[in-house]
Each structure stands twice: as C-alpha cells, then as structure tokens.
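According to mature numbering (1 follows the signal peptide of the UniProt record, and there is no 0), the stretch in the sequence shown is residues -24 to -1, 1 to 688, in order. Glycine included, each C-beta is placed from N, C-alpha and C at the ideal position.
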Amino acid sequence: MKLSIWLGAGAALGSALVAMPAFAEEADDERSHSDIVVTAVREDDSYAPEAAAVAGKSPAPWIETPQSISVVTRQQIEDRNLFTIGEAVQTVAGVTVMPFDGTNPDYRARGFVLDYAYDGIPSTFSSGVPEFDLVIYERLEVQRGPTGLFRGSGSPGGTINLIRKRGLDKFAASTALSGGSWNNYRGEFDIGGPIDAAGRLRVRAVAAIHDRDFFQKKSHTRKITSYAAADYDLTPTTTIGASISYQDTEADTPMNGQPAYGLRANGQRHPLTDSFLNFPRSFQHLPNTNLFTETTTEYAGEVKQEIGRWSLVVRGLHRDIPRAWHDAFIRPGTGVDPVTLTAEYVNRRSDGENGKTAVDAYATGPFTLMGREHDLTIGYSWDKRTTSFLARTQTSVGRYSILNADAIPIAPLIYTSGSETDLRQSGFHAQVRLHPFDGFTIVAGGRFSDYTNKTRAIPPSTPTRFTVSGRERGQFTPSVGAVLHLTDNVTLYGSYSDIFNPQTALRADGSVLDPRVGQQYEAGLKGRFLDGQLNASAAAFSSKDTNRALADTANPGFFVQAGEVSIKGFEFEVTGRPIAGLDLVASYTNVKTEYAVGTAAQTGAIFDIFTPRHQYKFYARYEPAALGGAFASASLNGQSGVVGGGVAGVREQAAFAIVGAQIGWRFNDNLRAFVSVNNLLDKVYYQRVGSPNTYNFYGEPRNFLLTLRAAY
C-alpha cells in the first residue's frame, strides 16, 4: 500500500516538474524543449574525477595532490543508491563506519575518527553528530591523514569535505522513488536552473523524505530533508550565493546493538559470561518508548570576487541542532544474567541544542618568481561550536526481563543537571604551490591557530561561571609535500603533515599538558590513464600521535605527556572506467595501530581496537551498449577480524565479506529502474562489537530495494 502511494506521488510530482521549464526555455532561444535533457550534476562527475578541493581551498589536480584523497561523486551516489554520509564513506578506501546510537555513526580512518568540512569551511564537529541527508550534496571528498593546515585542531584520521549543490546554469530536474525490505520507503526530487534570460540568477531546490523500519524489531526512523540555494552574478567578476537547509529526524527505539551476557545478578560468573547472546538478528531488548528527535537548520552564504587571475572568497555558515531524547537501556558495565535473562536497566532524558557558526576567508591565485609561475593561497578561518543541554542523569529502574523491555518506565520529565560548552578556534593559514621546473611541484604551508574551550554548569545544576578547560595560542601546524611527474600522467609524491589536539589533563605543577600532536609521513604514486578515465594510486604512510597523557607515577592524580601511538600502513585504490560501459571502484588497505609508549599493559598492544588490519572494497557496474539498456553491478566489502569492545577469543568481530548486487534497465536517457540486493548471501556477521550492555551490532541481513530514477 505504501509503495503505491509513493509511486502515485512521484508521478504527480514528475508531471508538475515537466510543466515548469518555461522560464528556462527563455534563457536560451536556440534550445528546443526536447533538448532539455540535463542531469543535476557537476561536469566532473565521473568515477575518476580530475580534481578535488579537500586538501586546499580550491580544486587542485588529484594527480598533483601529495595526500591520499578519494571522491564520491553524485553519479556514484545515484548509481549505488547512497542515501547517507555513512553509506558514502563506507565505499571509500580505508574508512570504517561504526554504528553508534542508531542515527549518527562514527567514521574512522588510520586509527582515528574523521572530521568534517563544509565546502572547505573547517568544522569542530566530528563524526557522531547529526548530519544532513546526502541529497543536498553534489559530492563528498575524503582526505586521509592529518589536515591541520586548514582546520587547526582536529583528528589525525582525516577530513570529510561535503560539497553542497549550487544553482544550475541550465534547467534540470530529477526525481527518485525507492521501496524495499522492512517498509523502507524514500522519495526525493531536485530541480533548478536560471531565472533570468542572461542566466545571472541560478536557483536550486531539493527535498527528500525517508521513512523506514529496520531488521531489528521496534526500530523506525522518519527523516524529512529540504534544501534551497541561489547564486547570483552581481557583476561579471562578483558572485554571491546563499543556501538554507532543513532536516527533521525522528527515531523510535533506534538500533544500538544487542547486549551480551554478563555476571549473574548475584555477582557470580557463569560459563556464558562475556559471550554474545546469539539471539535472532531481529531481537530487540529496548522498550518501544525510546525516542530520539533532531532538527537541523543551516544557513550558508558565499561571496566570490575575481581580481584578474586571483579570487577572493568569503564563506560562512550557521547551524542549529535542537535535540532531545528519552530512553532506557542496560546499565553500563553490566550485561544480561545468563540464567534469568534479566538485566539492570537505567533510564535518562536530555533536551538541548548543538550549534555551530563559522567563517572562512581566503585569497588564491598565481604569482611569478624567478621567471616561473607559482600559486599562493592565504586565508583566515574562525569557528565556534556550542552545546547547551539539560539532562536527567542515568537512573536505575531495577531488573527487567530482556524479553519484556516494554515494561520499563519512561524517565520522568524532571532534569537533574545542566551544562554548556563554548569551543572556539581561529587561525591564519598559507599554502604555496611552487613549480621550480617543469614536472615538479612543491606544496608547502602552515597555520597559526588559537583555541579556547570553556564550560559551565547551568540550572538545575548549581550555576557556575565559564571555566576554561583548554586553551592554546599561536599553535603552529606545518605541512609540506612534493610531487614529481614521472610521465605526463603518473606522479611520485611524498608529504609531511600534522595536526594538534588540546588536552585538559594537569601536570604536578598545575599546568595543562601541551596538545597532542599527530604527525604523518606519506609517500605514493598516482596515475591517470585511458585519457583520464581511470585513476589509480598506491600509498604508504607512517604516523605518530605524541604527547599523550600518561599517569605521573611520582605524583598520583597528575599526568605527564609521554604517551605515543604509532600508525603504519599502505593502501591501493583504483577508480574509473577501464573499458567502455564498465565503472569500477576497488581498494585494499593495510593498517597497523599500536601503543609505542604507554602503560605496561598498553605498550606494544593494539591501539585502535576497531580498525581492521586488512580491509578491501570492490564495486563494478557494467552497462554495455550492446544490451540496449540493461545494466548490472556487483560489490564485495570485507575486512579481517577485530576484538572491538569485546573479549579476545570469547566475543569478537570475526573476519567477514559481504556481497551485493544490482540489476536494472534504462528505458531511455531519462528513466531507469533497478533492484539492489544488499548482503546477497545473507551472511550473519557483526558490524561492531561493543560492551556487555550495548553496541554489539549485527550487520544487515539480506534485503532488497527497488528504485526508479527519472530526469526531466
């Protein structure tokens, strides 16, 4: 019934969109109505894009960027039915997606979480914070390794740069409808074009609604996303742009994995203690009253001024994320009694808001030195992240059977604590691309950053003034690399980069430890083959995260900055079109993480218990012209085992490989339909292993999704 409603709505929407292009026809008298066959994507939308901006402030040739970079274009997003950022980065070499609270996963690379940037604007948000549906983005770019040059403080793992959709210079409209397993229904549309005959004002409107259940009982999510953008050429050399994004998400009993067996209620061990429940994948141990709600609103703007061959750009955004939740779950540090199948539950409640405001300004262009032309980027960025939340802290509600979780009471609407944080950072940065001789480029830069993090208690806690928990001034973050063309299409590169993370732990003299510093050395090869249709890269990297806090054995309760983590590995990636009709994305990553210096128990042990040593990803899509419209794809994602949050030899994440497939038919240039099958072989595996009380996530069982995509 739901699918028929979706299809009917889609047909009505399609009819409405077809009737709208009159304004676009006026913009180009030489184009007939039948010529309006345009997809709402970038020009460089192949599986092997030529340039990316994540390692700088403006797009630079991928082959001449001395870092590991992957791009998921709009074409890939639509071909593979990628709806969320998590689904997109899961396709990227070396990235591990970690299910978290059922709505906002963590993303990890090279042993650490990934940070965000929005059209190059650095963000103090990291993965795990609510983000928009992929429908509003043109593509995303992932740089693996430290990115401190343009962001200041952050994670050594890397950055996800999200590129939003812009107003279109030619009319384009598209719709998509999907329906599949577990009442998974989705509809989206994208329409835009020039408003005036000269094409100076270009607009875009995008929306999606996604309503779905999950394989785990009781879990349900409804998400509505809308987006509008306009770009206006104020003069031939001045362009201003603005956008507004809105998303409303409601998650009922969101998935957070199954618990494991713990101690008996009387504190005694049992032969099953620390083991998986091994219940059906559909089993749900949480009450049906658990509810998470999130509303995200973002305003963004940009001014770009061309001065000769130089560009001056100022970008800004403001984001508000009101969030609330009330839920009950098994008390942390405990598990399920193996005999009675009961557990001690706690409930909680929280209501508040995350906020972000950021400004990023830079100038970029060429200059001449010693008779040769080079490129320079200089700029300044400032951003602020705030949180303000009221909470009812975790309160024990007694022991309940995991088979009767709906009997657990909802947390009363009474808050017991309140807190606010205010994190700000700013910095000046510069990057130069020197070309001392043909075929050789030196890329060097640095940033001076200021950082302040302060917190305070608000009612119903006893109010306090803001207290500074972290402060850095003039922290310098360097980056240097070199690229040598072995041929016109093959480069050899090497680079050094770092990033810092302020700390709050104290030395015995009362001073705060210096920031942790993540440092990476990387060397590799990149090549563009078959007239730019195929990208291939190989990289080896070695990094350290130093100044980590270790307990000061001579002064209990204080710390010294002596800890060190070592990350070493290599990776290969191939993307693009090796033969006509075949699109390919394939990668292999090998990463070893360990404590180089730590406590006696840590030194030499694995650092990131969630990063697999081996990870491989493969996707191929074939649409031969000879079949007259038929196409098919296959995927294989696998990794070696990890212990995760479990117990070695008892509860751990075994090695797994997941197969996917898709078949479809292109009726014409504007209409295609296809069926996707995920986990084709119905492999039973754990996507994440957590603690005895939660986060033991089964991977999705076999499921199907039927999709219809149309362009007008």
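- Residue pairing of Asn429 in beta bridges, as defined by DSSP: Leu399 and Gly446.
- Remark: C-beta atoms of Thr201 and Val182 approach each other more closely than 9 Å.
- Asn531 counts as exposed, since fewer than 16 other beta carbons sit within 10 angstroms of its beta carbon.
- Nearest to Arg120 by alpha-carbon distance, out of Ala85, Phe147, Leu144 and Thr79, is Ala85.
- With a 10 Å radius around the Cβ and a threshold of 16 neighbouring Cβ atoms, Thr569 comes out buried.
- With a minimum length of 3 residues, the unbroken runs of beta strand (DSSP E) contained wholly in the segment 33 to 65 fall at 44 to 48.
- When secondary structure is reduced to three states using DSSP, Leu239 falls in the coil class, being assigned neither helix nor strand.
- Under the DSSP assignment, Gly124 falls outside any beta strand (DSSP E), being part of the alpha helix (DSSP H) whose first and last residues are Gly124 to Arg127.
- In the three-state DSSP reduction, Ile434 falls in the coil class, being neither helix nor strand.
- Within the same chain, Cβ atoms closer than 7 Å to the Cβ of Phe255 are found at Gln234, the five residues on either side in sequence being excluded.
- If one requires a minimum length of 3 residues, the beta strand (DSSP E) runs lying completely within the segment 166 to 228 are 177 to 189, 196 to 211 and 214 to 228, in chain order.
- Take Gly552, set aside five residues on each side of it, and the residues of its chain with a beta-carbon closer than 6 Å to its own are Tyr23, Ala24, Gln509, Leu510 and Asn511, in chain order.
- For Lys146, there is no enclosing beta strand (DSSP E), as DSSP marks it with neither H nor E.
- Fewer than three Cβ pairs drawn from the segment 307 to 320 and the segment 348 to 357 lie within less than 8 Å of each other, which leaves the two stretches out of contact.
- For Glu278, the uninterrupted beta strand (DSSP E) segment begins and ends at Leu267 to Ile283.
- The beta carbon of Gly292 sits closer than 6 Å to the beta carbons of Gly277 and Val335 from its chain, once the five residues preceding and following it are set aside; these are given in chain order.
- Taking the C-beta atoms as reference points, Ala637 is found no nearer than 9 Å to Ala606.
- Beta-bridge partners assigned by DSSP to Glu599: none are found.
- Look at Leu558 here: in three-state DSSP terms it is strand.
- By the 16-neighbour rule on beta-carbons within 10 angstroms, Glu164 is buried.
- In the same chain as Gln615, and ignoring 5 residues on each side of it, the C-beta atoms closer than 6 Å to its own belong to Pro588 and Gln591, in chain order.
- Apart from the 5 residues on each side of it in sequence, Pro600 sits with its Cβ closer than 6 Å to the Cβ of Gly557 in its chain, given in chain order.
- Here the segment 495 to 503 makes contact with the segment 462 to 470; the two share three or more CB pairs at distances below 8 Å.
- Nearest to His302 by C-alpha distance, out of Pro230, Val289, Ala319 and Tyr275, is Pro230.
- The beta carbon of Thr265 sits closer than 6 Å to the beta carbons of Ile386 from its chain, once the five residues preceding and following it are set aside; these are given in chain order.
- Between Gly169 and Ala152, the gap from beta carbon to beta carbon reaches 9 Å or more.
- Put simply, of Pro436, Arg115 and Gly128 the residue whose alpha carbon is nearest the alpha carbon of Val493 is Gly128.
- In terms of CA proximity to Gly415, Thr467 leads the group Ser402, Thr467, Tyr497 and Val315.
- Distance from the Cα of Val118 is smallest, within the candidate group Ile112, Gly62 and Pro106, for Gly62.
- Where Tyr497 is concerned, the enclosing beta strand (DSSP E) starts and stops at Arg492 to Phe505.
- Contact between Ser150 and Ala686 holds: CB atoms are separated by about 6 Å, below the 8 Å threshold.
- With respect to the 9 Å criterion, Gln52 and Thr72 are not classified as neighbours on the basis of their beta carbons.
- With a beta-carbon spacing of about 18 Å, Asp91 and Thr60 fall beyond the 8 Å limit used to define contacts.
- Taking all protein chains in view, the Cβ of Leu116 is crowded by 16 or more other Cβ atoms within 10 Å, so the residue is classified as buried.
- For Leu110, the secondary structure class from DSSP, reduced to helix, strand or coil, is helix.
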